[in-house]
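**Student:**
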Amino acid sequence: MPDTADKILDAALMHVPFDGWSETSFRAAVSDAGVDPVVARGLFPRGAVDLAVAYHKRGDAEMLQRIEAADLDEMRFRDRVAFAVRARIEAAEDREAVRRGTTLFALPIYAPDGARLIWGTADAIWTALGDTSRDFNWYTKRATLSGVYSSTVLYWLGDDSLDNEATWAFLDRRIEDVMRFEKAKAQVRGNRLLSGLMAGPAKILERVQAPARDGSDLPGGHPFSR
């Protein structure tokens, strides 16, 4: 059986297409779910904003289940990334709820929440695919994938092609762009002159560390802060 938070979220999805992730939707969802408003506010202190956050995290959880159930061993790595991003978008199911969430998190007051959610999705994908980087690459991988994911979602919101074929073609192009960038980085590292010019900045970046897996929302760490 769904817990109280899930009951409220499920009820909210009936109202979001009409009223967005708003206080109106939140109050209607609480009433429909038959939950005490005080209890509901304790679960979602910011009301519909926290409901929108919960909806995004539910999609991340569904994506991880799809990745775990899939056989990725025979796929090229770029195809694994594409599969994961596609799984995340397909996990959303309710396009209008995503559209309304995009509008909500575009507001300056909630933009940090939106950025944190997208970063969390990218982190979940890389972790599920076995990424072990703990240096500056930890950040560049997630930043790049955040851009791929967010741009693909925006394309998907306006896609009316059969079975979202245009979206998946767009996703493939974005990942191909990333692969070309990674190839260019490798060529720089292999070029004696260019690698020499980058030696100084590279030494600095080597000191950047990925954040500890302690459940905090801090974006990262470096040895000078420890």
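All the letters of the sequence shown, read from the start, carry residue numbers 136 to 361 under our numbering.
We treat Cβ as the ideally placed atom computed from N, Cα and C, and that holds for glycine.
I'd like the list of long-range same chain contacts for LEU303, defined as Cβ closer than 7 Å, with 5 residues on each side in sequence excluded.
**Tutor:** Position check: residue 303 holds Trp in this sequence, whereas Leu was assumed. ARG221.
**Student:** For ALA281, which three-state DSSP category applies?
**Tutor:** One detail in the question is off: residue 281 reads as Ser in this sequence, not Ala. Helix, per DSSP.
**Student:** Could you have a look at ARG230 and say whether DSSP puts it in helix, strand or coil?
**Tutor:** ARG230: helix per DSSP, three-state reduction.
**Student:** Can you find the residues in the same chain that come closer than 7 Å, C-beta to C-beta, to ALA187, ignoring five residues on each side of it along the sequence?
**Tutor:** The answer, listed in chain order, is TRP156, GLY236 and LEU239.
**Student:** MET210: which of TRP291, ARG269, ALA140 and LEU264 sits nearest, CA to CA?
**Tutor:** Closest by alpha carbon: LEU264.
**Student:** Going by C-alpha distance, which of SER286, VAL184 and ILE260 is nearest ASP312?
**Tutor:** Selected option, being the one with the closest Cα: SER286.
**Student:** If we ignore side chains and look at the alpha-carbon of each, how far apart do LEU332 and LEU252 end up?
**Tutor:** Residue confidence for LEU332 is low, a pLDDT of 43 falling below 50, so the modelled location carries little weight and cannot support an answer.
**Student:** Would you decide whether ALA146 is buried or exposed? Buried here means 16 or more other CB atoms lie within 10 Å of its CB.
**Tutor:** Looking at its Cβ environment, which holds 16 or more other Cβ atoms inside 10 Å, ALA146 is buried.
**Student:** When the Cα atoms are used, what is the spatial distance from ASP270 to VAL151?
**Tutor:** Computed Cα separation, rounded: 40 Å.
**Student:** Which term fits ILE143, buried or exposed, when burial requires 16 or more other beta carbons within 10 angstroms of its beta carbon?
**Tutor:** Buried, since its Cβ has 16 or more Cβ neighbours within 10 Å.
**Student:** Out of ALA227, ARG213, ALA164 and ALA246, point me to the one whose CA is closest to VAL283's CA.
**Tutor:** Checking every option, the nearest Cα to that of VAL283 belongs to ARG213.
**Student:** Can you tell me the Cα-Cα spacing of GLY335 and ALA183, whole angstroms?
**Tutor:** Per-residue confidence for GLY335 stands at a pLDDT of 49, beneath the threshold of 50, marking its modelled position as unreliable; no derived number is given.
**Student:** Is LEU306 closer than 8 Å to ARG234 when the C-beta atoms are compared?
**Tutor:** In this structure, LEU306 does not lie closer than 8 Å to ARG234 by Cβ.
**Student:** Tell me the residue span of the alpha helix (DSSP H) that contains GLY155.
**Tutor:** Taken as a continuous stretch (DSSP letters only), GLY155 belongs to no alpha helix (DSSP H), as it is neither H nor E.
**Student:** Excluding five sequence neighbours on each side, which residues of the same chain lie with their C-beta closer than 7 Å to the C-beta of ALA205?
**Tutor:** Excluding sequence neighbours, ALA205 sits near PHE218.
**Student:** DSSP on ILE224, reduced to helix/strand/coil?
**Tutor:** In this structure, ILE224 counts as helix in the three-state DSSP scheme.
**Student:** Among the candidates THR256, MET149, VAL165 and LEU280, whose CA atom is the shortest distance from the CA of ASP229?
**Tutor:** The shortest C-alpha separation from ASP229 is found at MET149.
**Student:** Does VAL323 pass the burial test, meaning 16 or more other C-beta atoms within 10 Å, or should it be called exposed?
**Tutor:** Because the pLDDT of VAL323 is 48, which lies under 50, any placement of that residue in the model is unreliable, and the question is left without a value.
**Student:** Could you work out which residue in THR139, ARG193 and ASP258 is closest to ALA232 when comparing CA atoms only?
**Tutor:** Nearest C-alpha to ALA232: ARG193.
**Student:** Under 8 Å between the Cβ atoms of SER281 and TRP261?
**Tutor:** Contact flag unset, no.
**Student:** Beta-carbon within less than 8 Å of ALA259's beta-carbon, same chain only, minus the 5 sequence neighbours each way: which residues are those?
**Tutor:** Cβ within range, chain order: ASP195, MET198 and LEU199.
**Student:** Just the Cα atoms here: how many angstroms apart are GLY177 and ASP171?
**Tutor:** Computed Cα separation, rounded: 10 Å.
**Student:** Using C-beta distances below 6 Å, list every residue in its chain close to ARG215, excluding the 5 sequence neighbours before and after it, in chain order.
**Tutor:** Excluding residues within five positions, the ones whose Cβ falls inside 6 Å are LEU207 and LEU264.
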